[in-house]
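Undergrad:
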Amino acid sequence: MGATENKQLIQDVFAAWAKGDGAAFFNILADDVRWTVIGSSPVSRTYTSKQAFLEGATKPLSAKLAGPIQPTVRNIIAEGDTVVLQWEGKAASKSGKPYNNNYCWVMKIGNGRVTEGTAYIDTELVSELWKS
17 MGATENKQLI QDVFAAWAKG DGAAFFNILA DDVRWTVIGS SPVSRTYTSK QAFLEGATKP
77 LSAKLAGPIQ PTVRNIIAEG DTVVLQWEGK AASKSGKPYN NNYCWVMKIG NGRVTEGTAY
137 IDTELVSELW KS
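Going by the working numbering, 50 is the number at position 34 of the sequence shown; the sequence numbering is gapless.
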């Protein structure tokens with residue numbers, strides 16, 4: 017797949033997520049994905065598998081929220097096997113406090129799967145969510 021196809025893949029997955037298919041993105045993660053969450057939040061570290069990422073970041077974060085994160089894509093840039101995605105996610109914590117974060121994900125894609133990712137987010141918001 018080239019840059020155009022990789023960009024379309026991410027657009028399609030996020031469109032599905034926005035329509036309620038929250039698993040769409042996770043379905044394209046390679047089993048051995050290397051995903052890094054930058055910063056110093058409770059989920060900031062490098063995960064070396066899809067399972068580790070789901071168990072260490074996604075599930076604990078989701079458990080703090082009253083409902084799923086609603087994504088809005090702001091920008092997608094693709095070159096070769098790299099896709100950079102800027103998006104906003106809105107949700108509420110179980111205590112009712114807004115959880116509205118901005119994300120920039122830099123991803124490597126191979127054979128239709130995300131093989132590597134680096135997530136730049138407002139980690140202070142994540143840390144505050146853990147306190148709620």
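Using N, Cα and C, we set each Cβ at its ideal position, and we do this for glycine too.
State the CB to CB distance for the pair Lys66 and Thr98, rounded to an integer number of angstroms; the pair is presumed to be in contact (CB under 8 Å).
TA: For the purposes of this step, residue 66 is taken as residue 50 along the sequence shown, with counting starting at 1. For the purposes of this step, residue 98 is taken as residue 82 along the sequence shown, with counting starting at 1. The Cβ separation is near 19 Å, so there is no contact.
Undergrad: Within the stretch 45–98, note down every full alpha helix (DSSP H) run reaching 4 residues or more, in order along the chain.
TA: With a minimum length of 4 residues, the continuous alpha helix (DSSP H) runs that stay inside the stretch 45–98 are 66–69 and 75–79.
Undergrad: On the criterion of 16 or more Cβ atoms from any shown chain inside 10 Å, does Trp146 qualify as buried, or is it exposed?
TA: Position 130 of the sequence shown, counted from the first residue, corresponds to residue 146. Its Cβ having fewer than 16 others within 10 Å, Trp146 is exposed.
Undergrad: Cα separation between Gly18 and Gly96?
TA: Numbered from its first residue, the sequence shown carries residue 18 at position 2. Numbered from its first residue, the sequence shown carries residue 96 at position 80. One C-alpha to the other measures close to 6 Å.
Undergrad: With distances taken between CB atoms, is the gap from Trp33 to Pro76 smaller than 8 Å?
TA: Looking up residue 33 in the sequence shown gives position 17. Looking up residue 76 in the sequence shown gives position 60. No, the Cβ-Cβ distance between Trp33 and Pro76 is not below 8 Å.
Undergrad: Taking 8 Å as the threshold, find out whether the stretch 130–140 comes into contact with the stretch 45–61 through three or more Cβ pairs.
TA: With a cut-off of 8 Å, the stretch 45–61 and the stretch 130–140 count as touching, because enough Cβ pairs lie within range.
Undergrad: Comparing alpha-carbon positions, which option in Val142, Ile93, Ile137 and Lys106 lies nearest Gln27?
TA: As a working mapping, residue 27 is identified with position 11 in the sequence shown. Gln27 has its Cα closest to that of Ile93, out of Val142, Ile93, Ile137 and Lys106.
Undergrad: Please report the distance separating the alpha-carbon of Gly72 from that of Thr139.
TA: Here the question's residue 72 lines up with position 56 in the sequence shown. Here the question's residue 139 lines up with position 123 in the sequence shown. Roughly 15 Å between the two C-alpha positions.
Undergrad: What is the DSSP secondary structure of Ala39, counted as helix, strand or coil?
TA: Residue 39 sits at position 23 when you count from the first residue of the sequence shown. Correct three-state label for Ala39: coil.
Undergrad: So for Lys113, helix, strand or coil by DSSP?
TA: Within the sequence shown, residue 113 is the residue found at index 97, counting from 1. Lys113 falls in the coil class under three-state DSSP.
Undergrad: Following the continuous alpha helix (DSSP H) through Ser143, name the residue where it begins and the one where it ends.
TA: Position 127 of the sequence shown, counting from 1, holds the residue named residue 143. Note, Ser143: alpha helix (DSSP H), Thr139 to Lys147.
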